[in-house]
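Chemist: In this note's numbering, the protein residues as written are -13 to 291. Virtual Cβ for every residue (Gly too), placed ideally from N, Cα, C. I'd like to ask some things about the structure below.
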Amino acid sequence: MPELPEVETVRDGLARLVVGAVVRDVEVFREYSVRRHDGGPASFADQLRGRRLAEAARRGKFLWLPLEGHDAALLAHLGMSGQLLVRDPDVAGTWEHPHLRVRLHLVGAPSGARYLDLVDQRTFGHLSVVDLVPTPDGAPGGLGTARAAVPEPVAHIGRDLLDPALDRDVVVDAIRRRRTGIKRALLDQTVTSGVGNIYADESLWRARLHYARPTDTLRRAEVHRVLDAAAQVMTEALEHGGTSFDALYVNVNGESGYFSRALAVYGREGEPCPRCSTRIRRDAFMNRSAYTCPRCQPRPRNARW
DNA sequence: TTCCGCACCTGCCGGC
DNA sequence: TGCCGGCAGGTGCGGA
């Protein structure tokens, strides 16, 4: 499942392999994958054809490739299972993926690649061509771009914990002002982006906080502790090339990451906590799962969710 | 205004 | 063997 480290791995791959290429043609095999583009598949293709991909930028889990000479960008979100694969049909071993949704035909890519494919099993991922709008703070819109602009649909998303322009104190105040549980606040992308279910559980375990701890009872130091843990666990995951539990997440070359081997609690129900050996517990949470160590992360009496 | 629940979507897996 | 329900989960929208 692509979370921030996985998306950053993809962004880095796109920056090296396809930035500078011109889109020669576009094939949309599944209309739903461009559902967020105003005007449908034909308009999506028209707005990309002949355009040069100028940069590869990211904020949270949103990726965008600004189009040279235009205040617009190709915006991508990988959803649960999306992959952006840089392909060359002449290379031995290249096969047609059964979940190929959108294909960009490229010319002039630095890698010589001729396809940029959106492959997506569960179809939550999507592509669109959108306008860029100025950032309110005048800082670069995200990692990988020097332009103080973001895609309009990304403007409401908070900066992520790996963004040097992020003001950590602002995030701490925003979390403590909320009246909800800490995990809900971490997952709220308008506060700070890029933390998904996996890294929320891992960072809460590292910070020894239960997911249902009310945000308005947290001390500033506790919020800093969990944000530091989140940044740390995502940085470590980035060094491992991302987290992968199955074939659903791969980088632009189709290779999986290895960070899942380093996860302490996520997906480890019944296994011993690496810190105290108590069995890891799984709770139903927001139609998904929350993994905790009952000893390191005791449920608070005033639990909010 | 803030928070919460649900729909969206597909494939895998376990139970019957 | 085949069918069915549960589960995975990021985002956006509607309702409270």
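#1: Let's see if you can read the secondary structure: which residues bound the beta strand (DSSP E) around Pro120?
#2: Residue range of the alpha helix (DSSP H) that Val209 falls in?
#3: Do Arg267 and Glu255 have their C-beta atoms within less than 9 Å of each other?
#4: Grouping DSSP H, G and I as helix and E and B as strand, with all else coil, what is Ala276?
#5: If you draw a straight line from the C-alpha of Val209 to the C-alpha of Arg108, how long is it?
#6: Can you name the start and end residues of the beta strand (DSSP E) that Val9 belongs to?
#7: Do Arg89 and Leu70 have their beta-carbon atoms positioned less than 9 Å apart in this structure?
#8: Please list, in chain order, all residues of the same chain as Gly65 whose beta carbon is under 6 Å from its beta carbon, the five residues on each side excluded.
#9: Could you say if the stretch 114 to 126 and the stretch 134 to 152 meet the contact criterion of at least three C-beta pairs nearer than 8 Å?
#10: Should Gly46 and Arg10 be called a contact, given that it needs their Cβ atoms to be closer than 9 Å?
#11: If I measure Cβ to Cβ from Glu13 and keep anything under 6 Å in the same chain, skipping five residues before and after, which residues do I get?
#12: Assign Met220 to one of two classes, buried (16 or more other C-beta atoms within 10 Å of its C-beta) or exposed (fewer than that).
#13: Just the Cα atoms here: how many angstroms apart are Leu102 and Arg265?
#14: Return the first residue and the last residue of the alpha helix (DSSP H) that Gly26 is part of.
#15: Alpha carbon to alpha carbon, how far is Tyr277 from Asp202? Give it in angstroms, no decimals.
#16: How big is the Cα-Cα spacing for Leu292 and Asp187?
#17: Apply the 10 Å Cβ neighbour rule to Asp106 and answer buried if 16 or more other Cβ atoms are within range, or exposed otherwise.
#18: Between the Cα of Ala42 and those of Pro27, Ser67, Gly6 and Arg21, spot the shortest distance and give me the residue it belongs to.
Modeler: Taking the coordinates as given:
#1: The count along the first sequence starts at 1 and reaches residue 120 at position 134. Counting along the chain, the beta strand (DSSP E) containing Pro120 begins and ends at His112 to Pro120.
#2: Position 223 of the first sequence holds residue 209. Unbroken alpha helix (DSSP H) run through Val209: Arg206 to Glu225.
#3: Locating residue 267 in the first sequence gives position 281, where the first residue counts as 1. Locating residue 255 in the first sequence gives position 269, where the first residue counts as 1. Yes, the Cβ-Cβ distance between Arg267 and Glu255 is below 9 Å.
#4: As a first step, residue 276 is located in the first sequence; it is residue number 290 there, counting from the start. For Ala276, the secondary structure class from DSSP, reduced to helix, strand or coil, is strand.
#5: As a position in the first sequence, residue 209 is number 223, starting the count at 1. As a position in the first sequence, residue 108 is number 122, starting the count at 1. Distance between the alpha carbons of Val209 and Arg108: 34 Å.
#6: Within the first sequence, residue 9 is the residue found at index 23, counting from 1. Per DSSP, Val9 is one residue of the beta strand (DSSP E) stretching across Val8 to Val14.
#7: Locating residue 70 in the first sequence gives position 84, where the first residue counts as 1. Locating residue 89 in the first sequence gives position 103, where the first residue counts as 1. Contact check for Leu70 against Arg89 fails: the beta carbons are separated by 9 Å or more.
#8: Indexing the first sequence from 1 puts residue 65 at position 79. Only Phe110 and Gly111 meet the Cβ criterion.
#9: yes
#10: Against the first sequence, residue 46 aligns to sequence position 60. Against the first sequence, residue 10 aligns to sequence position 24. Not closer than 9 Å, so no.
#11: In the first sequence, residue 13 corresponds to position 27, counting from 1. Only Arg89 meet the Cβ criterion.
#12: On the first sequence, residue 220 is found 234 positions in, with the first residue counted as 1. Result: buried.
#13: Here residue 102 refers to the residue found at position 116 of the first sequence. Here residue 265 refers to the residue found at position 279 of the first sequence. CA-CA distance, Leu102 to Arg265, rounds to 44 Å.
#14: Against the first sequence, residue 26 aligns to sequence position 40. Start and end: Gly26 to Leu34.
#15: By 1-based counting over the first sequence, the position of residue 202 is 216. By 1-based counting over the first sequence, the position of residue 277 is 291. Roughly 22 Å between the two C-alpha positions.
#16: Examination of residue 292 is not possible in this model, given that the chain is present from -13 through 291 alone.
#17: Residue 106 sits at position 120 when you count from the first residue of the first sequence. Buried: at least 16 other Cβ atoms inside 10 Å.
#18: Indexing the first sequence from 1 puts residue 42 at position 56. Of the listed residues, the one whose Cα sits closest to Ala42 is Gly6.
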